[in-house]
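Undergrad: As given, the protein sequences belong to chains U and W, one line each in that order.
Be aware that the first sequence starts at -9, since it is given in our numbering, and climbs by one per residue.
Be aware that the second sequence starts at 195, since it is given in our numbering, and climbs by one per residue.
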Amino acid sequence: MKDHLDFEKPIVEFEEKIEKLKPFAKTDPLIHREIEVLEKKAQEVLAEIFAKLTPWQRTQLARHPNRPNTLDYIAFMIHDFVELHGDRLYGDDHAIVGGVGIFRNRPVVIIGHQKGRSVKERIDRNFGMPHPEGYRKALRLMRQAEKFMKPVITFIDTPGAYPGIGAEERGQAEAIARNLIEMSRLAVPIVSIVIGEGGSGGALALGVGDRILMLEHSIYSVISPEGCAAILWNDSAKAPDAADVLKMTAKDLRSLGVIDEIVPEPVGGAHKDPPQMAEILEKAIESQLAKLDGLKTDDLLEQRYQKFKKMGVFGEDLVP
Amino acid sequence: MAWFKKDKSAEGKRFKIPEGLWLKCDSCKEVVYRKEIEKNAKVCPKCNYHFPISIGERISLMLDEGSFKEWDAGLSPMDPLNFKDSVRYRDRIKTAQDKTRQREAMVIGEGTINHLPVVLGVFNFSYMGGSMGSVVGEKILRAAEKAAGRRWPLIIVSSSGGARMQEGILSLMQMAKTSAAVARLAEARVPFFSILADPTFGGVTASFAMLGDIIIAEPKALIGFAGARVIEQTIKQQLPEGFQRSEFLLDHGMIDLILERKKLKQTLAKLLTFFSA
Chain U
-9 MKDHLDFEKP IVEFEEKIEK LKPFAKTDPL IHREIEVLEK KAQEVLAEIF
41 AKLTPWQRTQ LARHPNRPNT LDYIAFMIHD FVELHGDRLY GDDHAIVGGV
91 GIFRNRPVVI IGHQKGRSVK ERIDRNFGMP HPEGYRKALR LMRQAEKFMK
141 PVITFIDTPG AYPGIGAEER GQAEAIARNL IEMSRLAVPI VSIVIGEGGS
191 GGALALGVGD RILMLEHSIY SVISPEGCAA ILWNDSAKAP DAADVLKMTA
241 KDLRSLGVID EIVPEPVGGA HKDPPQMAEI LEKAIESQLA KLDGLKTDDL
291 LEQRYQKFKK MGVFGEDLVP
Chain W
195 MAWFKKDKSA EGKRFKIPEG LWLKCDSCKE VVYRKEIEKN AKVCPKCNYH
245 FPISIGERIS LMLDEGSFKE WDAGLSPMDP LNFKDSVRYR DRIKTAQDKT
295 RQREAMVIGE GTINHLPVVL GVFNFSYMGG SMGSVVGEKI LRAAEKAAGR
345 RWPLIIVSSS GGARMQEGIL SLMQMAKTSA AVARLAEARV PFFSILADPT
395 FGGVTASFAM LGDIIIAEPK ALIGFAGARV IEQTIKQQLP EGFQRSEFLL
445 DHGMIDLILE RKKLKQTLAK LLTFFSA
């Protein structure tokens, strides 16, 4: 699989040139100088491209094969992580991972969608599209967090809940709905972060948090741009247009009052420097958890209720 | 033109149904006398298919005559995304409002069933496919909050394609909002009856509609998370007969019961007696 996007091509070309020159840099000061010039130029081109990213380009970044995923972040920021499996009802869905561990001296429950990177892993993870048992595993772990009074961190990264016969038979809609109602009243703090793709109800089922964060180049939408284009124009190739009209970037969601914070990414996107990305995100999560620490449970739940109650835009006039 | 094609089109013409007097059933394709269907709560006498009905008809089938009072009729949709495809969202709203004479895809209010007070919400599928945007979400929340406050059972009759695309992420958030409202109602120990009519899908099924204390479906209603076309495209297989019909959901343990329209009110009355005793 090609591991760069079309609009990243100019940068990749610079990088390849630099790589080719590097072996000669030690002996030839001129080449050393040339590399410095190229590196500077590459940074400029990168900054230029990223200064005017379109919503569709961001969608591609959000789905970038090298973008750090839930298990990557867990490896970076959670100590003593133990993955826990299964919904105790039917099976273990590999499209959602979860477990317990220590986040900055704080015991937490972590749950997230997992897309996978290699072809084999992608298939095993069903491309990050959960079945009902994935949501029911997530709920089981959230209830465990509540029982033992530990905060919950959720990572959102899915194209959506899987549309299939088995999923319908086993109650995909009910599984998502159940998570929404239970998360709305779970008596421990919840911080949710959209790290890549926030695809519709399948994303929201892990997203009813006290704080909702989005990485700078992640997306969050009621429908995928492809699905939207298929409905509006009968042509999923018009997805870039749909990405424009759907208003699904972090900035859009911030201005619509849906999310609390945009987490900046390293220049060139999270995949350019995963350790740095993890460090930035870790700090953001810590500061949000710290703000929720002191709240009494009743206040926490009241604030969460009010947060979602406020969502929506409508007009109202008095009708006799 | 081949002879068999010609013959077919001629047949189609000969049996053209006169507007008004007769009706062709969407399910069994039988031609039935319109008056007979109307007397029968808009249910096909041949195959028991439940035709879509208007909010007014729905209310008069379920509530005591003249008991309904609408709430929050002044809520109207905005266009927060400035959404435009081939048609502007604003114009779609206008068309839907002109067609249905209603401001939004849902009506809420109070009424009585055998003199017991209830809060009722009804979706209107003819208004943009009964899709849930900010106004529908707000109405469900207000209905649930008032139901909790007055301790009156909440009944919602759903018939919806799901979340409204034209309000983007705000529509998605209505799923969380309405589910949170149902949670509050549950904490107040006030019952919620969710009634699923044909069709109920997507963000509506995946939120409050599947969270009823009692979930009732109309016969043969299509109910599911993903639409049949999306599933077929994903799995590249034909779907089994009866997939996502009420009977399929009942078989898989997803709903409490299937009730014919005509029996809805009397069964609700029984349940209300149980819950209010």
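All residues carry an ideal CB built from backbone N, CA and C; glycine is no exception.
Would you say H244 of chain W reaches chain U, if we count a Cβ-Cβ gap shorter than 8 Å as a contact?
TA: It does not: the Cβ of H244 of chain W has no partner Cβ on chain U nearer than 8 Å.
Undergrad: When burial is assigned at 16 or more other CB atoms within 10 Å of the CB, is R208 of chain W buried or exposed?
TA: Confidence at R208 of chain W is low in this model, with a pLDDT of 49, below 50, so the placement of that residue is unreliable and no value is reported for it.
Undergrad: Just to confirm, is the Cβ distance from L364 of chain W to S328 of chain W under 8 Å?
TA: Yes, Cβ-Cβ distance for L364 of chain W and S328 of chain W is below 8 Å.
Undergrad: At what residue ranges does the segment 256 to 322 of chain W contain a whole run of the beta strand (DSSP E), taking only runs of 3 or more?
TA: If we require 3 residues or more, the beta strand (DSSP E) runs fully inside the segment 256 to 322 of chain W come out as 263 to 265, 269 to 271, 300 to 307 and 310 to 317.
Undergrad: Under 9 Å between beta-carbons, which chain U residues line up against I349 of chain W? List them in chain order, please.
TA: Chain U residues near I349 of chain W: none, gap ~18 Å exceeds 9 Å.
Undergrad: Using three-state DSSP, classify F117 of chain U as helix, strand or coil.
TA: Three-state result, F117 of chain U: helix.
Undergrad: Which parts of the segment 72 to 96 of chain U are runs of the beta strand (DSSP E), unbroken and 3 residues or longer, counting only runs that do not cross its ends?
TA: The segment 72 to 96 of chain U contains these whole beta strand (DSSP E) runs: 86 to 93.
Undergrad: So is H446 of chain W in contact with chain U if we call contact Cβ pairs under 8 Å?
TA: By this cut-off, H446 of chain W is an interface position.
Undergrad: Would you say A400 of chain W and G191 of chain U are within 8 Å of each other, going by their C-beta atoms?
TA: Yes, they are a contact pair.
Undergrad: So F152 of chain W and A422 of chain W are in contact, right, with Cβ under 8 Å, and what is the actual spacing, rounded?
TA: One cannot answer for residue 152 of chain W here, as it falls past the ends of chain W, which runs 195 to 471.
Undergrad: If you draw a straight line from the alpha carbon of I307 of chain W to that of R252 of chain W, how long is it in whole angstroms?
TA: About 13 Å.
Undergrad: Report the neighbours of W223 of chain U on chain W: residues whose CB is nearer than 9 Å to its CB, in chain order.
TA: In chain order: D279 and S280.
Undergrad: In terms of alpha-carbon separation, which member of U:G302, U:V90 and U:G81 lies closest to H69 of chain U?
TA: That would be U:V90, whose Cα lies nearest to the Cα of H69 of chain U.
Undergrad: How close, in whole Å, do the beta carbons of V178 of chain U and E136 of chain U come, if the pair is a contact with beta carbons under 8 Å?
TA: 5 Å between Cβ atoms; contact.
Undergrad: State buried or exposed for R160 of chain U, treating a residue as buried only when at least 16 other CB atoms are found within 10 Å of its CB.
TA: By the neighbour-count rule (16 or more Cβ atoms within 10 Å), R160 of chain U is buried.
Undergrad: Per DSSP, what are the beta-bridge partners of M204 of chain U in this structure?
TA: According to DSSP, M204 of chain U bridges with U:V184 and U:I252.
Undergrad: Do L131 of chain U and G268 of chain W count as a contact pair if the criterion is CB distance below 8 Å?
TA: No. Outside cutoff.
Undergrad: At the level of alpha carbons, what is the spacing between E339 of chain W and Q293 of chain U?
TA: If you take the alpha carbons of E339 of chain W and Q293 of chain U, they lie about 16 Å apart.
Undergrad: DSSP beta-bridge partners for W216 of chain W?
TA: According to DSSP, which records beta bridges pairwise, W216 of chain W is partnered with W:Y227.
Undergrad: Please report the straight-line C-alpha distance between E304 of chain W and I180 of chain U, rounded to a whole angstrom.
TA: Using only the alpha carbons, I get a separation of about 36 Å.
Undergrad: Within the same chain, show all residues whose beta-carbon is closer than 6 Å to that of H263 of chain W, passing over the 5 residues directly before and after it, in chain order.
TA: The sequence as given places Lys at residue 263 of chain W; His does not occur at that position. The answer, listed in chain order, is G303 and E304.
Undergrad: Can you check the segment 138 to 174 of chain U for any beta strand (DSSP E) of at least 3 residues that lies completely inside it and give the ranges in chain order?
TA: With a minimum length of 3 residues, the continuous beta strand (DSSP E) runs that stay inside the segment 138 to 174 of chain U are 142 to 148.
Undergrad: Which runs of the alpha helix (DSSP H) spanning at least 4 residues fall entirely within the segment 367 to 411 of chain W, listed in chain order?
TA: Correct list: 396 to 399.
Undergrad: Just to confirm the assignment: which complete alpha helix (DSSP H) runs, minimum length 4, are found wholly within the segment 6 to 57 of chain U?
TA: Runs found: 19 to 41 and 45 to 52.
Undergrad: One question on the structure: do A52 of chain U and E187 of chain U come within less than 8 Å of each other, judged by their Cβ atoms?
TA: In this structure, E187 of chain U lies closer than 8 Å to A52 of chain U by Cβ.
Undergrad: Spatial neighbours of A165 of chain U within its chain, please: CB distance less than 6 Å, with the 5 preceding and 5 following residues excluded, ordered by chain position.
TA: Same-chain partners within the cutoff: P122, Y125 and R126.
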